[in-house]
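Sequential numbering of the sequence shown, starting at 29, is according to the numbering used here.
Positions of the beta carbon are idealized from the N, C-alpha and C atoms, including for glycine.
One structure below.
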Amino acid sequence: MNTARLRIYAAAFCMDATAYGAGLLLPIKALKSFDADPLELGLIGTTINATYTIVCILTGRLSDRVGSRSLYLPGAALVFAAALPIVYFSESLADLYLAAPVLGVGLGFYWAPLEREMGEASGPRNLWKTAGTFNCVWAAGICMGCLLGPGLYDQLDFKAGVILLLALSGSALALLALPLRIEPRDKTDELKPAEAAPNSARLLLVAWVANFSAYFAFSGITYQLPYLGEKHLGIGVAMIGLLAFSINLARFGGFFTLRRLNGWNHSPAWLFAVQLAAAAALLTLSQAENPVYYFVLLPLLGIFSSLSYSLSFYYGLTASARAGRNSGLHEAVLSIGLMLGPLACGAAARLLPDWPAVALAVAGAALLLALIAELIIMKIYRGRNEMGG
């Protein structure tokens, strides 16, 4: 494996550990120290992801013109030197709201260009395995951030958790500080469009819809976990982190399995089946109070998100001339889900305080509505193909 890919993998691990560690520590801090309500918890996630969405749309296209390095380095620096210091010294809910958009901008500058760089560092014929490894690595980083961030908060204090995030984001910046040595692609090695991705336009659109719903549910639930844990399930901060870890470990397992499979990405049947199972699990949990059920059923959402993300990511990068644009749209679509999920789930929990787990019902309904939309897309494209034939 070349050095450039190794450094990209390590940097992705560190930054996603940072991002998702912050995604738990900020709402935990808001709830424990400032008595934030569910909507206020959701607004933290919405603010981070709204700025992330806007920036991703811009940086994805811009990286095709100016290159990736000039974008992901400032992004990593912004997270390390601006967003996290604000979090560390926060003394009010307003301070957390100030840190949120700074964090979103930094991550937006970082991710889409880094994904483009990863695609450039891989030959087109091994892109699927490279993307699979990349996904496994950042998913493992999320697992670490979800587990250690709340764990340090529980055993020591909030600032100890933030220091961990500072160390991780600083490591990501250091790993990418020196230029990556990437060999130019051999044009003779480019895949023909039909060989690269049969029916890719249809599958990419389906994957974007599925990925939107997966991250809508994922983010909406994540930012409500502190509230659910304390008010509904009666579990502490460390157990909240362990619950988030179980979801993300399932996502890692999904990525790891998909990396070893061939051909599944040409058919969305598995995606639809797992999406339906995840929706049923969330709707069931919206009526459950035993934490054991959460540890058993919530990981289905992690498995579904690994399927949707892999399809979206892979089909976006197969068209190398539009890799930056597609990676930007890939990140923007999922980040719109990340943005709207916390807002919708938080608003529902605030409007229906007697139903603490209503956020899970909202997330499950979103998955079902997205599945209907995906089936409609498949039918429309099939009809066009039949007319064309």
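Do you know whose CA, among the options, lies nearest residue i's CA?
i      : options                           : result
Ala110 : Ala389, Arg209 and Leu194         : Leu194
Pro296 : Gly70, Phe137, Trp236 and Phe284  : Trp236
Gly248 : Arg230, Arg209, Ala376 and Ile191 : Ala376
Pro55  : Ser120, Ile331, Ser363 and Phe341 : Ser120
Ser197 : Asp123, Ile170, Lys157 and Leu208 : Ile170
Phe162 : Leu395, Asp44, Ser118 and Asn318  : Asp44
Pro254 : Gly330, Asn239 and Leu270         : Leu270
Trp383 : Leu261, Ala266, Leu366 and Leu339 : Leu261
Val265 : Tyr343, Leu299, Leu233 and Phe186 : Phe186
Gly365 : Leu277, Ala238 and Phe323         : Ala238
Phe240 : Asp65, Leu397 and Tyr409          : Leu397
Leu357 : Leu124, Asn290, Leu233 and Met267 : Leu233
Tyr37  : Ala159, Ile85 and Ser118          : Ala159
Tyr48  : Ser96, Leu112 and Gly95           : Leu112
Lys259 : Lys157, Ile85, Thr285 and Ala385  : Ala385
Pro207 : Thr285, Leu388, Asn290 and Arg97  : Arg97
Tyr125 : Ile85, Gly70, Val83 and Gly95     : Gly70
Thr285 : Leu304, Lys157, Ser118 and Met406 : Lys157
Pro66  : Lys407, Pro370, Ile405 and Leu362 : Pro370
Ala78  : Ile263, Leu362, Lys407 and Ile405 : Leu362
Within its chain, find whatever has a CB closer than 7 Å to the CB of residue i; leave out the 5 residues flanking it on each side and keep chain order.
i      : result
Leu204 : Arg35, Ala39, Tyr100, Leu101 and Ala104
Thr312 : Leu325
Phe62  : Ser120 and Leu121
Ala349 : Residue placement at Ala349 is poorly supported in this model, since its pLDDT is 49, which falls under 50; the coordinates are not used for a value here.
Ala167 : Asn276, Arg279, Phe280 and Phe283
Ala272 : Leu52, Cys174, Thr250 and Leu253
Ala64  : Ala58 and Leu121
Phe323 : Leu271 and Ser274
Met267 : Gly257
Tyr409 : Arg230
Ile263 : Gly257 and Pro319
Compute the beta-carbon to beta-carbon distance between residue i and residue j, rounded to the nearest angstrom, for a pair I have assumed lies under 8 Å.
i      : j      : result
Ala202 : Asn30  : About 19 Å; that fails the 8 Å criterion.
Ala200 : Leu131 : Not really, about 14 Å apart at Cβ, beyond 8 Å.
Ala393 : Cys373 : In fact, because the Cβ distance is near 11 Å, the residues do not count as touching under 8 Å.
Cys164 : Arg287 : 6 Å
Tyr181 : Leu53  : 6 Å
Ser91  : Arg33  : Not a contact, Cβ separation roughly 17 Å.
Ala316 : Leu395 : Actually they do not touch by this definition, with Cβ atoms about 17 Å apart.
Taking all protein chains shown into account, do 16 or more other C-beta atoms lie within 10 angstroms of the C-beta of residue i, making it buried, or fewer, making it exposed?
i      : result
Lys57  : buried
Glu68  : buried
Glu223 : Only weak support is given to the placement of Glu223: the predicted model assigns it a pLDDT of 45, under 50, and the question is left unresolved by the model.
Val320 : exposed
Arg93  : exposed
Asn318 : exposed
Gly147 : buried
Leu22  : Because the chain spans 29 through 417 in this model, residue 22 falls outside it and cannot be assessed.
Lys220 : In this prediction, Lys220 has a pLDDT of 47, which is less than 50 and means its spatial position is unreliable; nothing more can be read from the coordinates.
Phe41  : buried
Phe341 : buried
Phe137 : buried
Leu28  : No answer is possible for residue 28: the residues shown for the chain start at 29 and end at 417.
Ile400 : exposed
Whose C-beta lies closer than 6 Å to the C-beta of residue i among residues of the same chain, with five residues either side of it excluded?
i      : result
Ala128 : Ile72, Thr75 and Ile76
Leu326 : Ile275
Ser333 : Ala242, Phe246 and Arg279
Leu277 : Cys171
Thr46  : Leu193, Leu196 and Ser197
Gly19  : Residue 19 is absent from the model: the chain starts at 29 and stops at 417.
Leu289 : none
Ile405 : Leu233 and Val234
With a Cβ-Cβ cutoff of 7 Å, do residue i and residue j count as a contact?
i      : j      : result
Ser336 : Ala245 : no
Pro141 : Thr81  : no
Val115 : Gly134 : no
Leu380 : Ser314 : no
Ala360 : Ile85  : yes
Starting from the C-beta of residue i, find all residues in its chain whose C-beta is less than 8 Å away, skip the five residues before and the five after it, and write them out in chain order.
i      : result
Val302 : Leu328, Ile331, Phe332 and Leu335
Leu403 : Phe300
Ala25  : With the chain running from 29 to 417 in the structure shown, residue 25 is simply not present.
Answer yes or no: does any C-beta atom of chain D fall closer than 7 Å to that of residue i?
i      : result
Leu277 : Reference to chain D is not applicable here, since this structure consists of a single protein chain.
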